[in-house]
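**Q** Have a look at the structure that comes next, please.
In this note's numbering, the protein residues as written are 11 to 496.
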């Protein structure tokens, strides 16, 4: 009846169930529902009545007509004996057409309706999570765009810094070229001028002879005077002139070679390549630097004391270190320049130290104020020392026309080698005593007027221009020392 009421075949309000009982299905029933239904009569019912009902229900059809007549009239409803419905239900289940059998979607809908509260909470959480994910994704995208923009700005700024650094290096290189090449060019100029003066003197002498040739008496007198000269004196004079000329020309060749070597070093510096180390004799290099000072060194005494005979350094590095320091001392009016080379400990590390000392009066207090001795961590000490030197000494010069590049060049030469430079003032007499007491190789040099360097034995008495002098110390790694011939 419930299914017929849902299908609209009967009106449910017209029927009333007497004594309803609870069943396991959705159908209402006055009795318990069993798998098979049976038609039975009670004991109180008369047998004649039961028989008559059975005959009317199963034997005769409705309306008192036979079965063919009912079929002709379209009447198909009739009573049948009770039979089992299990087979019919099994067939409907196999065909997925049983009324109690629902589709998966219907089960899901029923489950959602039964748990609508929890489903609402789950859907709310999903929606909130989706909105939050979308918001965070947008924030991350905006953040990423900002980071990309910042990185681009940083790259542009870094490129500008690199360009500025490149321009600064170009400026330093230009100043270095002007500073370093000026010395050999000046020497070449001096030798060339000397040859020119000698040549002009010979030409003037020859012209004088030709002008006096017109006077016969003077010519006879000159011939008589020349005859008094022996052939030996003429040959000696020619040999001396030839030797002087060849010496001057050789110095010009040496200076041009040094000029080419300086250019090569600058190219190595600009190209970031490591020049090859060569064995450099300390005494020979020191004598060469004395010779390069020219006539300026004729009034200066040069001292050398070393525990090492030679060093392993790139070509011309030792020349530039010594030449820049000695030239600064000479321009300050020094009369004594001392070079001391020995191993020393500094901040717990062994170094090969080149001490170059003069008696020109020392550095100014303003120069040494920011360059006092440092203590502490090795890298910190070297970094602070280099920063001080770069900020102060590499940009200022006490000379009128100085570029202030001498100390900067020396510092730049020491840095790639793993070394550093220190400045200070010292008692000149104390340094001389140290040099004289040093048990290693020691000598004293003096440049003669004819352009040669001659060796002079160390003396106990010597005049000093000032009591206090400047000392430039180059700290180089000890492994650069070639102690085979020590």
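Idealized CB from N, CA, C, for every residue including glycine. Just so it is clear, the structure is predicted and the values come from calculations on it, not from any experiment.
Check the DSSP bridge columns for residue 313 and list the partner residues they point to.
**A** In DSSP, residue 313 forms a bridge with 348, 454.
**Q** Which residues does DSSP list as the beta-bridge partners of residue 365?
**A** DSSP, once it has assigned bridges, lists 350, 483 as partnering residue 365.
**Q** Could you check what DSSP says for residue 320 in three-state terms: helix, strand or coil?
**A** It is a strand residue.
**Q** Taking its Cβ as the centre, do 16 or more other Cβ atoms sit within 10 Å of residue 491, making it buried, or is it exposed?
**A** By the 10 Å Cβ count, residue 491 comes out buried.
**Q** Hey, residue 478 and residue 372 are a contact pair by Cβ (cut 8 Å); roughly how many whole angstroms apart?
**A** With 8 Å as the limit, residue 478 and residue 372 qualify as a contact, their Cβ atoms being about 5 Å apart.
**Q** Could you tell me whether the region 436 to 449 touches the region 325 to 339, using the rule of 3 or more Cβ pairs below 8 Å?
**A** Touching, no.
**Q** From residue 39 to residue 139, what distance separates their C-alpha atoms?
**A** Whole-angstrom Cα-Cα distance: 51 Å.
**Q** Per DSSP, what kind of secondary structure is residue 374 in: helix, strand or coil?
**A** Coil.
**Q** Would you kindly report the start and end of the unbroken alpha helix (DSSP H) that includes residue 115?
**A** Where residue 115 is concerned, the enclosing alpha helix (DSSP H) stretches over 114 to 124.
**Q** What is the residue span of the beta strand (DSSP E) that residue 290 lies within?
**A** Looking at the DSSP string, the run of the beta strand (DSSP E) that includes residue 290 is 287 to 291.
**Q** Distance, Cα to Cα, residue 261 vs residue 314?
**A** So the alpha carbons of these two residues sit roughly 23 Å apart.
**Q** In its own chain, which residues sit with a C-beta less than 8 Å from the C-beta of residue 360, not counting the 5 before and 5 after it?
**A** Within the same chain, residue 360 has close Cβ partners 353, 354, 488.
**Q** For the beta strand (DSSP E) containing residue 343, name the first residue and the last one.
**A** Looking at the DSSP string, residue 343 is not in any beta strand (DSSP E), and its letter there is neither H nor E.
**Q** Given a threshold of 16 other Cβ atoms within 10 Å of its Cβ, counted over all protein chains shown, does residue 404 qualify as buried or as exposed?
**A** Summary for residue 404: the model assigns pLDDT 40, below 50, so the residue's position carries little reliability, and this model does not support an answer.
**Q** Measure the alpha-carbon distance for residue 115 versus residue 21 and round it to whole angstroms.
**A** Their backbone Cα atoms lie some 30 Å apart in a straight line.
**Q** With DSSP run on the structure shown, which of helix, strand or coil describes residue 32?
**A** In the structure shown, residue 32 sits in coil (DSSP, three-state: anything other than H, G, I, E or B).
**Q** Check residue 20 in the structure and name its three-state DSSP category.
**A** Looking at residue 20 - three-state DSSP - the assignment turns out to be coil, as it is neither helix nor strand.
**Q** So what does DSSP say about residue 193, is it helix, strand or coil?
**A** Helix.
**Q** With distance defined between alpha-carbon atoms, name the residue in 310, 264, 427 nearest to residue 348.
**A** Of 310, 264, 427, the residue nearest in Cα terms is 310.
**Q** Let me confirm a value: residue 368 is counted as buried when at least 16 other C-beta atoms fall within 10 Å, else exposed. Which label applies?
**A** Buried is the call here.
**Q** So if DSSP puts residue 356 in a beta bridge, which residue, or which two residues, is it bridged to?
**A** The partner list for residue 356 (beta bridge, DSSP) reads 359.
**Q** To the nearest angstrom, how far is it from the Cα of residue 320 to the Cα of residue 486?
**A** The straight-line gap from Cα to Cα measures roughly 13 Å.
**Q** Out of 301, 163, 191, point me to the one whose CA is closest to residue 269's CA.
**A** Ranking the options by Cα distance to residue 269, first place goes to 191.
**Q** Would you call residue 401 buried or exposed, if buried means 16 or more other Cβ atoms sit within 10 Å of its Cβ?
**A** With a pLDDT of only 42 at residue 401, under the threshold of 50, the placement of this residue in the model should not be trusted; the figure read from the coordinates follows. Result: exposed.
**Q** Find out if the Cβ-Cβ distance for the pair residue 122, residue 129 is shorter than 7 Å.
**A** Contact flag set, yes.
**Q** Would residue 113 be called buried (16 or more neighbouring beta carbons within 10 Å of its own) or exposed?
**A** Looking at its Cβ environment, which holds fewer than 16 other Cβ atoms inside 10 Å, residue 113 is exposed.
**Q** What is the residue span of the alpha helix (DSSP H) that residue 441 lies within?
**A** Per DSSP, residue 441 belongs to the alpha helix (DSSP H) from 438 to 447.
**Q** Less than 8 Å between the CB atoms is what I'm expecting for residue 365 and residue 257, so what's the real figure, rounded?
**A** The Cβ separation is near 32 Å, so there is no contact.
**Q** Which two residues bound the contiguous alpha helix (DSSP H) that contains residue 54?
**A** Looking at the DSSP string, residue 54 is not in any alpha helix (DSSP H), and its letter there is neither H nor E.
**Q** Taking all protein chains shown into account, do 16 or more other C-beta atoms lie within 10 angstroms of the C-beta of residue 307, making it buried, or fewer, making it exposed?
**A** By the 10 Å Cβ count, residue 307 comes out buried.
**Q** Assign residue 334 to one of three DSSP states: helix, strand, or coil.
**A** Helix, per DSSP.
**Q** How about residue 423 and residue 300: are their beta carbons less than 7 Å apart?
**A** Not in contact: residue 423 and residue 300 (Cβ atoms no closer than 7 Å).
**Q** Could you compute how far the alpha carbon of residue 160 sits from the alpha carbon of residue 143?
**A** If I take the Cα positions, the gap works out to 25 Å.
**Q** Could you give the C-beta distance for residue 198 and residue 265, rounded to a whole number, given that I count them as a contact under 8 Å?
**A** At roughly 5 Å, the Cβ-Cβ gap stays under 8 Å, so residue 198 and residue 265 are in contact.
**Q** Go ahead and pull the three-state DSSP assignment for residue 433.
**A** Strand at residue 433.
**Q** If you drop the 5 nearest sequence neighbours on each side, which residues of the same chain put their C-beta closer than 6 Å to that of residue 475?
**A** Closer than 6 Å at Cβ, skipping near neighbours: 345, 369.
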